[in-house]
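Numbering (this note's numbering), first residue to last: 20 to 218. First up is the structure itself, then whatever we jot down about it.
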């Protein structure tokens, strides 16, 4: 049993709220990059599409989720995952509030969310409507790790900048949808929030 109680724990909510306010929207984040970087993000975005079941699921979100994405406009993993994260958020009828933060400009936050002792990106921080921390996901999701392991541990390694197969993108989009759904259900079933909303 944890010795931490609700009376003596230090809330991270004010810090996350401040960081959220310091972030930018997706369009401004893309504009912060060089033209070729922005074009790379837009090219992946153009390849993405959600199916009817995915859209219906995301449109059914009822709890607000505050999301901070710590990213690098230059990062290959971010180029691929960033448009996915934004597409998922856009399908929730404004229930997911995403703000984008450049890793190098927000190292105080990055140092709190290292992955395997590394400053990896992207890292997505999920918080409740009042900015209470829910958790974070980052670097790569399962489907991408499977592809990376097959490529790196198999007979061939991909060339840098090689095209990403559509089925790989689709699998990764589904991973992000699953992660957002997990957070939404956690918040939807939260006793604290159910009491607040009377549901």
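All C-beta atoms, glycine included, are put in the ideal place defined by N, C-alpha and C.
- Note that the C-beta distance between residue 51 and residue 121 is below 8 angstroms.
- By DSSP's assignment, residue 217 forms no beta bridge with any residue.
- Short of 6 angstroms from the beta carbon of residue 207, and not among the five residues preceding or following it, lie these beta carbons of its own chain, in chain order: 82.
- Spanning the alpha carbons of residue 170 and residue 218 requires a straight line of approximately 47 angstroms.
- Rounded to the nearest whole angstrom, the CA to CA distance from residue 58 to residue 100 is 14 angstroms.
- Among the bridge pairs identified by DSSP, residue 155 is matched with 144.
- Separation of the CB atoms of residue 151 and residue 32 is rounded to 5 angstroms, and the pair is thereby assigned contact status at 8 angstroms.
- Around the CB of residue 53, fewer than 16 other CB atoms lie within 10 Å, so the residue is classed as exposed.
- Straight across, the Cα-Cα distance linking residue 166 with residue 215 is about 42 angstroms.
- Remark: three or more beta-carbon pairs, one from each stretch, lie closer than 8 angstroms, so the stretch 39-50 and the stretch 109-119 are flagged as touching.
- One alpha carbon belongs to residue 196, the other to residue 209, and they sit about 20 angstroms apart.
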